[in-house]
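Accompanying notes for the structure given below.
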DNA sequence: CCAAAAGTGTTGGGACTACACCCATGA
DNA sequence: TCATGGGTGTAGTCCCAACACTTTTGG
């Protein structure tokens, strides 16, 4: 392995596919920002930017998310690294894509008020994207689908208190097919990761549903003793 | 997103975790190279090197594998990107790790004769590794484990013609536990991806086993109509 | 009392696990 | 003839899918 100063270095960026769940509209959404500069000026794109020279990659993703969308402390994971030589017309840019899951209930105000250059779009029905971001989105979506069934990540998208129907709707939206209500409830409760609260859903014009929360502590406990989540 | 020339760029490398199956010794192995230069001179490390400025990342991985170990046309997939700021003492280096599966039967000579600076080691019982390669290896192994059961990648490690016992041994080695012979055979044959050959195993001092091959074409056909492999 | 969603059990079939003996071959 | 691994079937259990009606609430 030769010493590297001999070679020109590519730029390294991070991009984030940020998923949010809109229960009111029964839609899975992604957060996009509108580019103010060329290339692709005016186009919508995934939030992201350059990795600083002394910054961890994950850190860069978190920082860019904060700077461009106001989001902080969201669930974030590395997705894949995209490095086609011509993906950015300016210079060689290698981008480490991440995907993030946010509770839209917590962050609704931010993204809605600052709508001039950051906005939520339905996953199906997003505008044309800059660079190879369409491809990145596609991979993020397929990863989310895969992940949902064998890891309890869906809760990152739900509000802290949710109904079983909310949970089911989430799974249906992401997986893209209808699920049987009774079977779904049985399986969900059988995970032992849901805690029934005293509280009931408010302000609906029909029978109110029980609220549940995700049992974070129990999940950590079970993870250590190597069990398998599945839904 | 500011224009990038403002910022210093990190170096970008690829590293490859190359797995091989040694049926003779019933061991899963990885291919390591011995470093000729500092840092970590004399230490064993994953094959890898710098991504050239106009080269695709996958290409770089393939090229380095070829240059350092003589391997070509192996199954290769991106694993994860490692970018801790201090992982290389010289400068900031971000490494896109890959993992590769090779049929040791095809490549046995290469790695064995050129043993001065490339050699196979048992996965458990490898020497201390340079950089953060231990961590990369750990992730590759866990990915391989996960992948094996729901994608037919194991065949990339087996010779073109293999016995069911070979296949079972592979699964046992990777998963780290014994499997029931009758159940394993039933499931393996039920996938419909194995073709029984006329040929029998040769040169064993007991009843000769039937040889099978993996049905590549059938697998492609089934993949398109969205089925799920599982073993 | 009507509309809307919440909530709840059973049954049949398919898949998985556990398990032990005979067979073919070469030395 | 012996040692070594190859090869085979069944029974019990568990899990999953399919399926429809009653309850609660607000309007």
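Residue numbers (the numbering used here), protein chains in the order written: chain A, 1 to 231; chain B, 1001 to 1231. The C-beta atom is built at its ideal place from N, Cα and C for all residues, glycine as well.
Q: Would you tell me roughly how many angstroms separate the C-alpha atoms of residue 1231(B) and residue 1187(B), rounded to the nearest one?
A: By one-based count along the second chain, residue 1231(B) stands at place 231. By one-based count along the second chain, residue 1187(B) stands at place 187. Separation of residue 1231(B) and residue 1187(B) (C-alpha to C-alpha, rounded to the nearest whole angstrom) is 7 Å.
Q) By a C-beta neighbour count over all protein chains shown, 10 Å radius and 16 as the cutoff for buried, is residue 1057(B) buried or exposed? A) Residue 1057(B) sits at position 57 when you count from the first residue of the second chain. That one is buried.
Q: Can you give me the start and stop residues for the beta strand (DSSP E) that residue 1098(B) sits inside?
A: Taking the second chain and counting its residues from 1, the one referred to as residue 1098(B) is at position 98. Looking at the DSSP string, the run of the beta strand (DSSP E) that includes residue 1098(B) is 1093-1102.
Q | Local Cβ density within 10 Å of residue 1097(B), reported as buried at 16 or more and exposed below that | A | In the second chain, counting from the first residue as 1, residue 1097(B) sits at position 97. That one is buried.
Q) Hey, residue 1045(B) and residue 1014(B): beta-carbon distance below 9 Å or not? A) For this step, residue 1045(B) is matched to residue 45 along the second chain. For this step, residue 1014(B) is matched to residue 14 along the second chain. The answer is no: Cβ separation not under 9 Å.
Q. Name the chain B residues whose beta carbon is nearer than 8 Å to that of residue 55(A)?
A. Start at 1 with the first residue of the first chain, and residue 55(A) comes out as number 55. Here the neighbours are 1085.
Q) Applying the criterion that 16 or more other CB atoms from any shown protein chain within 10 Å of the CB defines a buried residue, is residue 136(A) buried or exposed? A) Along the first chain, read from residue 1 onward, the residue named residue 136(A) stands at position 136. Buried, since its Cβ has 16 or more Cβ neighbours within 10 Å.
**Q.** Span separating the alpha-carbon of residue 159(A) from that of residue 1075(B)
**A.** Counted from its first residue, the first chain places residue 159(A) at position 159. Counted from its first residue, the second chain places residue 1075(B) at position 75. If I take the Cα positions, the gap works out to 42 Å.
Q. What number of angstroms, rounded off, separates the C-alpha of residue 1294(B) from the C-alpha of residue 1202(B)?
A. Nothing can be reported for residue 1294(B), as the shown portion of chain B is limited to 1001 through 1231.
Q) In three-state DSSP terms, what is residue 15(A)? A) Position 15 of the first chain, counting from 1, holds the residue named residue 15(A). In the structure shown, residue 15(A) sits in a strand (DSSP, three-state: E or B).
Q) Counting Cβ pairs closer than 8 Å, one from the stretch 143-152 of chain A and one from the stretch 167-185 of chain A, do we hit at least three? A) Taking 8 Å as the limit for Cβ pairs, the verdict is that the stretch 167-185 of chain A does touch the stretch 143-152 of chain A.
Q: Identify whether residue 1115(B) lies in helix, strand or coil by the three-state DSSP scheme.
A: By one-based count along the second chain, residue 1115(B) stands at place 115. Low per-residue confidence applies at residue 1115(B): pLDDT is 41, beneath 50, and the placement is therefore not dependable enough to give any value.
Q: Whole angstroms is fine: what's the gap from residue 1009(B)'s alpha carbon to residue 1054(B)'s?
A: Locating residue 1009(B) in the second chain gives position 9, counting from the first residue. Locating residue 1054(B) in the second chain gives position 54, counting from the first residue. Each residue's alpha carbon lies about 15 Å from the other.
Q.
In the DSSP output, which residue or residues are listed as bridge partners for residue 1080(B)?
A. By 1-based counting over the second chain, the position of residue 1080(B) is 80. Residue 1080(B) is bridged to 1097(B).
Q: Return the chain-ordered list of same chain residues with a C-beta closer than 6 Å to the C-beta of residue 1117(B), the five sequence neighbours on each side being excluded.
A: Looking up residue 1117(B) in the second chain gives position 117. Within the same chain, residue 1117(B) has close Cβ partners 1033 and 1034.
Q. Looking at the C-beta of residue 206(A), does it have a partner C-beta in chain B at a distance below 9 Å?
A. By 1-based counting over the first chain, the position of residue 206(A) is 206. For residue 206(A), the answer is no, since every Cβ of chain B falls outside 9 Å of its Cβ.
Q. Counting pairs of beta carbons, one from the stretch 1123-1138 of chain B and one from the stretch 1023-1031 of chain B, are three or more of them closer than 8 Å?
A. Yes, since at least three Cβ pairs between the stretch 1123-1138 of chain B and the stretch 1023-1031 of chain B fall closer than 8 Å, the two stretches touch.
**Q.** Proximal residues of chain A, C-beta to C-beta of residue 1145(B) below 9 Å
**A.** Counted from its first residue, the second chain places residue 1145(B) at position 145. Contact annotation for residue 1145(B) against chain A: no contact, minimum CB-CB distance about 13 Å [criterion: below 9 Å].
Q.
Under 9 Å, Cβ to Cβ, is there at least one residue of chain A near residue 1114(B)?
A. Your numbering for residue 1114(B) matches position 114 in the second chain. Low confidence applies here, because residue 1114(B) scores a pLDDT of 45, under 50, leaving its location unreliable; read the following figure in that light. Under the 9 Å criterion on CB atoms, residue 1114(B) is classed as non-interfacial with respect to chain A.
(Q) Does the CB of residue 1034(B) have a neighbour CB from chain A at under 9 Å? (A) Locating residue 1034(B) in the second chain gives position 34, counting from the first residue. Residue 1034(B) does not count as touching chain A.
Q.
I want to see whether chain A comes within less than 9 Å of residue 1136(B), judged by CB atoms only; does it?
A. Taking the first residue of the second chain as 1, we reach residue 1136(B) at position 136. Not one chain A Cβ lies under 9 Å of residue 1136(B).
(Q) So with CB distances below 7 Å, who are the chain A contacts of residue 1171(B)? (A) On the second chain, position 171 is the one that residue 1171(B) refers to. What residue 1171(B) touches in chain A: nothing, since even the nearest Cβ is about 18 Å away.
(Q) Please state the DSSP three-state secondary structure of residue 1053(B). (A) Reading the second chain from its first residue, position 53 is the one you call residue 1053(B). Three-state result, residue 1053(B): coil.
Q: Between the Cα of residue 1107(B) and those of 1094(B), 1072(B), 1083(B) and 1081(B), spot the shortest distance and give me the residue it belongs to.
A: Looking up residue 1107(B) in the second chain gives position 107. Out of 1094(B), 1072(B), 1083(B) and 1081(B), 1072(B) has the C-alpha closest to the C-alpha of residue 1107(B).
Q.
Which residue marks the beginning of the alpha helix (DSSP H) containing residue 184(A), and which one marks its end?
A. The residue you call residue 184(A) lines up with position 184 of the first chain. Where residue 184(A) is concerned, the enclosing alpha helix (DSSP H) stretches over 181-190.
Q: Would you verify that the beta carbon of residue 1133(B) is, or is not, closer than 9 Å to some beta carbon of chain A?
A: Stepping through the second chain from its first residue, residue 1133(B) is reached at position 133. Chain A contact via Cβ: absent.
**Q.** Buried or exposed (CB count within 10 angstroms, at least 16 for buried), residue 206(A)
**A.** Taking the first residue of the first chain as position 1, residue 206(A) is located at position 206. In the assembly as shown, residue 206(A) is an exposed residue. Its beta-carbon has fewer than 16 other beta-carbons within 10 Å.
Q: Following the continuous beta strand (DSSP E) through residue 73(A), name the residue where it begins and the one where it ends.
A: What you label residue 73(A) is simply residue 73 of the first chain in a count that begins at 1. Membership of residue 73(A) in any beta strand (DSSP E) is not indicated, and neither H nor E is assigned to it by DSSP.
Q: Count the other C-beta atoms from every protein chain shown that fall within 10 angstroms of the C-beta of residue 1104(B), then say buried if there are 16 or more, exposed otherwise.
A: The residue you call residue 1104(B) lines up with position 104 of the second chain. Under this definition residue 1104(B) is a buried residue.
Q: Using a threshold of 9 Å, state whether the C-beta atoms of residue 81(A) and residue 47(A) are closer than that.
A: One-based indexing of the first chain puts residue 81(A) at position 81. One-based indexing of the first chain puts residue 47(A) at position 47. Residue 81(A) places its beta carbon 9 Å or farther from that of residue 47(A).
Q) Is it right to say residue 67(A) is buried, meaning 16 or more other beta carbons lie within 10 angstroms of its own, or is it exposed? A) As a first step, residue 67(A) is located in the first chain; it is residue number 67 there, counting from the start. By the 16-neighbour rule on beta-carbons within 10 angstroms, residue 67(A) is exposed.
Q.
Check whether chain B comes within 9 Å of residue 78(A), counting only Cβ atoms and requiring the distance to be less than that.
A. The sequence position of residue 78(A) within the first chain is 78, counting from 1. Taking CB atoms only, residue 78(A) has a neighbour in chain B less than 9 Å away.
Q: Report yes or no: is there a C-beta of chain A within less than 9 Å of the C-beta of residue 1096(B)?
A: Taking the second chain and counting its residues from 1, the one referred to as residue 1096(B) is at position 96. At least one chain A Cβ lies under 9 Å of residue 1096(B).
Q. Pick from 229(A), 200(A) and 171(A): whose alpha carbon is nearest that of residue 190(A)?
A. If you number the first chain from 1, residue 190(A) lands on position 190. Here the closest residue by C-alpha is 229(A).
Q: Using the DSSP secondary-structure output, state which residues sit across from residue 1204(B) in a beta bridge.
A: As a working note, residue 1204(B) is residue 204 in the second chain. None, per the DSSP bridge assignment.
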